[in-house]
Amino acid sequence: MQEKKEGIHARLNQKCSSFKGLLAKNGAADVAAVNLVRIKTDKMKCPYCGFAQDRVVDSRESKEADSIRRRRECERCNKRFTTYERIDEIPYMVVKKDGRREKFDRNKVLSGLLHACEKRPISASKLESLVDETEAYLMDSPERERTTTEMGELLMNKLKTLDTVAYIRFASVYRDFKDVREFKEELEQLLSGKEHKKGKPTGS
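Just so we're on the same page, the working numbering is the position in the sequence shown counted from 1, plus 291.
Laid out in C-alpha cells, this is it:
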C-alpha cells in the first residue's frame, strides 16, 4: 500500500514538473505557484502521538507570500496539525580577523578556491562540494557565525588532501605569512609529512 502511494506521488510530481516547465517555456509569470499543488512526501513528527508518517492534505501561501501553510494528517492517529515553511532571513555571519562581521558569501569562498586551484586537476563540482561543506560547517554553529580563521583552516585541510599546490596557494592568503621564512617552514612541514607517509610500512 505504501509503495503504491509513493508511486502515485511520484507520478503526480512528475506531471507537475512537466506543467511547470511548459509554463516557463510560454513565459508564464507565476510558475512558482505550481509547487503548491505538488504532493509533498516530506514527513513531520505528529505532535499528538509522535508518529513520523503523515500526508499533506492542504497547502496555501500566506497573503504576504512569505510563508506556506500546510495541513497534515497523521497516518497513525489521523489527527491533523499545521506546519509553516518560511525563509530563514537571519543571516549567517563571518567574523574577520579585525573583529568585523559580514554576511557569508558563497561566491566569495568559491572565488578564492578558483584562484587557488587555477590550472590544477580539481573539478568544478569538487570545488562546489567544498563550498557546500564550508556552508554546512557555518550553519552548524549555534551562534550562526564562524571566524575566517576557522573556515580557512577547514578549507585548507580539505585542499591539503586534494592538491599540494592549491593548498599552498590558499594557505599563503589565509595564513598571511609575514615573510619567506614562515612560508618555507609551512612548505617543509607539508613535504616532511608526505615523506613520512611514503616511508610508513604498509599495514602499520
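We put the CB at the ideal spot given by N, CA and C, even for glycine.
For E380, the closest of N369, D357 and T373 by C-alpha to C-alpha distance is D357. According to the DSSP assignment, R397 belongs to no beta strand (DSSP E) but to the alpha helix (DSSP H) extending over R397 to A407.
For R460, the three-state secondary structure derived from DSSP is helix. F395 sits close to V385, with the two beta carbons spaced by under 8 Å.
When secondary structure is reduced to three states using DSSP, K394 falls in the strand class. For a cut-off of 8 Å, the C-beta gap from M447 to A427 is around 17 Å, too long to register as a contact. Contact check for T440 against V400 fails: the beta carbons are separated by 8 Å or more. Counted as a single uninterrupted DSSP element, the beta strand (DSSP E) harbouring M384 occupies residues M384 to V386. Proximity to V347 across I359, S353 and E355 peaks at I359, based on C-alpha coordinates.
Taken atom to atom, the span from the alpha-carbon of Y465 to that of E364 is near 51 Å.
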